[in-house]
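J.: If you read the protein sequences in the order shown, they are chains A and B. The numbering of the first sequence is the numbering used here, which starts it at 1 and goes up by one. The numbering of the second sequence is the numbering used here, which starts it at 1001 and goes up by one.
There are 2 protein chains.
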Amino acid sequence: MADAVMFPRVAFVGIGLIGSSMARVLRRDKLAGSIVACARRQETLDACLKLGIADAVTTDPAAAAENADLIVIASPIGTNGDIARAMAPKLKPGAIVTDVGSVKRAVIDAVAPHVPKGVHFVPGHPLAGTEHSGPEAGFAELFQGRWAILTPLIGSDPAAVEKVAAFWRAAGSKLATMDPDHHDRVLAITSHLPHLIAYTIVGTASDLADDLKQEVIQFSASGFRDFTRIAASDPTMWRDIFLNNKDAVLEVLQRFNEDLTALQKAIRRGDGDALHALFARTRAIRRGIIDAKQA
Amino acid sequence: MADAVMFPRVAFVGIGLIGSSMARVLRRDKLAGSIVACARRQETLDACLKLGIADAVTTDPAAAAENADLIVIASPIGTNGDIARAMAPKLKPGAIVTDVGSVKRAVIDAVAPHVPKGVHFVPGHPLAGTEHSGPEAGFAELFQGRWAILTPLIGSDPAAVEKVAAFWRAAGSKLATMDPDHHDRVLAITSHLPHLIAYTIVGTASDLADDLKQEVIQFSASGFRDFTRIAASDPTMWRDIFLNNKDAVLEVLQRFNEDLTALQKAIRRGDGDALHALFARTRAIRRGIIDAKQA
Chain A
1 MADAVMFPRV AFVGIGLIGS SMARVLRRDK LAGSIVACAR RQETLDACLK
51 LGIADAVTTD PAAAAENADL IVIASPIGTN GDIARAMAPK LKPGAIVTDV
101 GSVKRAVIDA VAPHVPKGVH FVPGHPLAGT EHSGPEAGFA ELFQGRWAIL
151 TPLIGSDPAA VEKVAAFWRA AGSKLATMDP DHHDRVLAIT SHLPHLIAYT
201 IVGTASDLAD DLKQEVIQFS ASGFRDFTRI AASDPTMWRD IFLNNKDAVL
251 EVLQRFNEDL TALQKAIRRG DGDALHALFA RTRAIRRGII DAKQA
Chain B
1001 MADAVMFPRV AFVGIGLIGS SMARVLRRDK LAGSIVACAR RQETLDACLK
1051 LGIADAVTTD PAAAAENADL IVIASPIGTN GDIARAMAPK LKPGAIVTDV
1101 GSVKRAVIDA VAPHVPKGVH FVPGHPLAGT EHSGPEAGFA ELFQGRWAIL
1151 TPLIGSDPAA VEKVAAFWRA AGSKLATMDP DHHDRVLAIT SHLPHLIAYT
1201 IVGTASDLAD DLKQEVIQFS ASGFRDFTRI AASDPTMWRD IFLNNKDAVL
1251 EVLQRFNEDL TALQKAIRRG DGDALHALFA RTRAIRRGII DAKQA
């Protein structure tokens, strides 16, 4: 008999950029016996079959979860609780449920209560993505060299955590383990606030009078261009992130507002020293990121 | 006799990323007979000689300008008026003075009064740059495919404007002509506000408690990483931009603040519809930029 595959049967509930990229990794490395994809829209499921990243498709999370060894919840965070509730009766003992959400506390609170005894829930979050969405946008190399953060629960089965970690290592990710609440605070500043700001500034631009707007598009210099790329990310996914990491985002947003007000005052007063001091200080953070090889 | 070069003698007053990239274009295309570089710091001048982008160097703007056919002011905006005053007595009739500042009205107001009759001032702004600074950071391809905006004065000599335009075409730039005040409003939103926001958010991060800050650096996801790159730009250059485009920046900052407050309220109230509506809307701007081939 050949070596057993890592996961005889894998189910993706939600299969967009992230889920389909994970499915491609499973296919490439032959880590899954079979893959079933679950999505609400038939169009998404047709795309998965056409792309060859699923062997079977369904719109029913319970049907997808039945007999699966690994279930990946990869849909917008707001749906995760309902999905877990729907799947619960069909989850087989020893199955592993994981997710990929950008917020961990809210997902754990929504999903964990529905996970039956004997089934292992290993919350996860790959720090990877592009501004594109849908299963066609995925690619197996998306996670290469990027962090995958796991936030295991107290009492999580170490063997189950290790199996999820093994998948991410196969995907080329660097692994880290964090407390869920700490994860949410870190991500609020590294990812959620930047997206919120980018959405805001691009929204401000789209309210400009038409003639000015045309020129803003035509002459978008590097700063604004970067923001529009960030602000082109999936709206439903990001709505759910902000609704589910409200406290951490509002806290960091308040600090940001205070700092912005101080800068605004410095500009109004023509206080060049204050401006220069801040602008010089931020270079140090960039150097730290370059040293950490995240640039 | 061989074809006459475009500019027998070119002077750069200030020669960092932009100036040195322009000098490299002049060298590559043999557009200058000789190049003189002027900077305050001997270290910068030594670098120019070592890089072979200047034939002569000086710390005196007047000495640099003497007998020059083209004088490029490429130093932080706040210095431009003093530079113009210092150069004025040495500018020869028929010489062309241009600049590369990200703000046009304030530069024109500071420089134009010092430009003698018979000398042509053609204000310009290449929409190009990187987060690196200094003459070593320059490269001849920096302007390739990027916009160069000229904001000629009423009564500017068309032949002088055309000579500056010819340089930018040689550099590979696309050319546009704009009214200076309009330029400043467009740049306030496409470039100045994004930089201000990036500086703010990175500053907010650098005020975090040390343990959190380390993780922000370690796990900087795409959003924050992009911001740190923007916020690593030259502090003196950006201080001067904000001091000299105060009105346009404060106006657009006020709109931004109103929009951010509305988003903050939507998050606090859990108003998912409002969040989704904004996040979907901003995708249209991104599509416009992709269609305009600025992405």
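Ideal Cβ positions, reconstructed from N, Cα and C, are used throughout, including at glycine. Quick caveat: nothing in here was measured; it's all calculated off a predicted structure.
What is the rounded straight-line gap between the Cα of residue 1253/B and the Cα of residue 1193/B?
T.: Approximately 7 Å, taken between the alpha carbons.
J.: Leaving out the 5 sequence neighbours to the left and right, which residues in its chain are closer than 7 Å to residue 1286/B when beta-carbon positions are compared?
T.: If we look at residue 1286/B and ignore the five residues flanking it on each side, it has no Cβ neighbours.
J.: Quick check: what's the CA-CA separation for residue 1249/B versus residue 1111/B?
T.: When rounded, the distance between both Cα atoms is 21 Å.
J.: So, are the CB atoms of residue 103/A and residue 230/A less than 8 Å apart?
T.: Their beta carbons are not under 8 Å apart, which means residue 103/A does not touch residue 230/A by this criterion.
J.: Excluding the five sequence neighbours on either side, which residues of its own chain have a C-beta within less than 8 Å of the C-beta of residue 206/A, listed in chain order?
T.: If we look at residue 206/A and ignore the five residues flanking it on each side, its Cβ neighbours are 213.
J.: Does the CB of residue 1042/B have a neighbour CB from chain A at under 8 Å?
T.: No, residue 1042/B lies away from the interface with chain A (no Cβ there is under 8 Å from its Cβ).
J.: So what does DSSP say about residue 1139/B, is it helix, strand or coil?
T.: It is coil, neither helix nor strand.
J.: Flag this pair as touching only if the region 139-147 of chain A and the region 21-36 of chain A have three or more C-beta atom pairs under 8 Å; answer yes or no.
T.: Taking 8 Å as the limit for Cβ pairs, the verdict is that the region 21-36 of chain A does touch the region 139-147 of chain A.
J.: How many Å lie between residue 117/A and residue 1133/B at the Cα?
T.: Cα-Cα distance, rounded: 59 Å.
J.: Check the Cβ of residue 203/A against every Cβ in chain B and list those closer than 7 Å, keeping chain order.
T.: Within chain B, the residues near residue 203/A are 1259, 1278, 1281, 1282.
J.: Indicate whether residue 36/A and residue 58/A have their beta-carbon atoms separated by less than 8 Å.
T.: Closer than 8 Å, so yes.
J.: For residue 122/A versus residue 150/A, is the C-beta distance shorter than 8 Å?
T.: Yes; because the gap between Cβ atoms is below 8 Å, this pair is in contact.
J.: Using the Cβ count rule (16 or more neighbours within 10 Å means buried), how would you classify residue 1046/B?
T.: Burial call: exposed.
J.: Can you tell me whether residue 25/A is helix, strand or coil according to DSSP?
T.: Here residue 25/A sits in helix by DSSP.
J.: Can you tell me where the alpha helix (DSSP H) holding residue 157/A begins and where it ends?
T.: Looking at the DSSP string, residue 157/A is not in any alpha helix (DSSP H), and its letter there is neither H nor E.
J.: Rounded to the nearest angstrom, what separates residue 1144/B and residue 147/A at their Cα positions?
T.: Those two C-alpha atoms are separated by around 35 Å.
J.: DSSP on residue 219/A, reduced to helix/strand/coil?
T.: Correct three-state label for residue 219/A: coil.
J.: What would DSSP say about residue 1273/B, mapped onto helix, strand or coil?
T.: Note: residue 1273/B maps to helix in three-state DSSP.
J.: Report the neighbours of residue 286/A on chain B: residues whose CB is nearer than 8 Å to its CB, in chain order.
T.: Here the neighbours are 1131, 1202, 1228, 1229, 1231, 1232.
J.: Using 8 Å as the threshold, is the region 195-203 of chain A in touch with the region 1263-1281 of chain B, meaning 3 or more CB pairs across them?
T.: These segments touch.
J.: Under the three-state reduction of DSSP, which class applies to residue 1034/B: helix, strand or coil?
T.: Correct three-state label for residue 1034/B: strand.
J.: Just to confirm before moving on: does the CB-CB distance between residue 1120/B and residue 1097/B stay below 8 Å?
T.: A contact, by the Cβ cut-off of 8 Å.
J.: What is the C-beta distance between residue 68/A and residue 38/A, in whole angstroms, given that I count them as a contact (C-beta under 8 Å)?
T.: Not a contact, Cβ separation roughly 10 Å.
J.: Roughly how many whole angstroms lie between the Cα atoms of residue 60/A and residue 152/A?
T.: Their Cα atoms are separated by approximately 27 Å.
J.: Report the partner residues of residue 1124/B according to the DSSP bridge assignment.
T.: Beta-bridge pairing links residue 1124/B to 1150/B.
J.: Please report the straight-line C-alpha distance between residue 1129/B and residue 1017/B, rounded to a whole angstrom.
T.: Their backbone Cα atoms lie some 7 Å apart in a straight line.
J.: Cα separation between residue 164/A and residue 1223/B?
T.: So the two alpha carbons sit approximately 26 Å from each other.
J.: Return the CA-CA distance between residue 1239/B and residue 275/A, expressed in angstroms with no decimal places.
T.: In a straight line, the C-alpha of residue 1239/B is about 6 Å away from that of residue 275/A.
J.: Secondary structure at residue 99/A, three-state DSSP: helix, strand or coil?
T.: Looking at residue 99/A - three-state DSSP - the assignment turns out to be strand.
J.: To the nearest angstrom, how far is the alpha carbon of residue 55/A from that of residue 154/A?
T.: Roughly 35 Å between the two C-alpha positions.
J.: Hey, residue 1076/B and residue 1190/B are a contact pair by Cβ (cut 8 Å); roughly how many whole angstroms apart?
T.: Their Cβ separation, rounded to whole angstroms, is 20 Å, which puts residue 1076/B and residue 1190/B out of contact at 8 Å.
J.: Distance cutoff 8 Å, beta carbons only. Does residue 1249/B sit that close to anything in chain A?
T.: It does: the Cβ of residue 1249/B has a partner Cβ on chain A nearer than 8 Å.
J.: Out of 244/A, 53/A, 211/A, 113/A, state which residue places its alpha-carbon closest to the alpha-carbon of residue 1269/B.
T.: Measuring from the Cα of residue 1269/B, the nearest candidate turns out to be 244/A.
J.: Going by C-alpha to C-alpha distance, which of 172/A, 131/A, 187/A, 170/A sits closest to residue 178/A?
T.: Cα-wise, what sits closest to residue 178/A is 187/A.
J.: Would you identify the three-state DSSP class for residue 1091/B, choosing helix, strand or coil?
T.: Looking at residue 1091/B - three-state DSSP - the assignment turns out to be coil, as it is neither helix nor strand.
J.: With the cut-off set at 8 Å, would you say residue 1135/B and residue 1051/B are in Cβ contact?
T.: Result yes, Cβ atoms of residue 1135/B and residue 1051/B sit closer than 8 Å.
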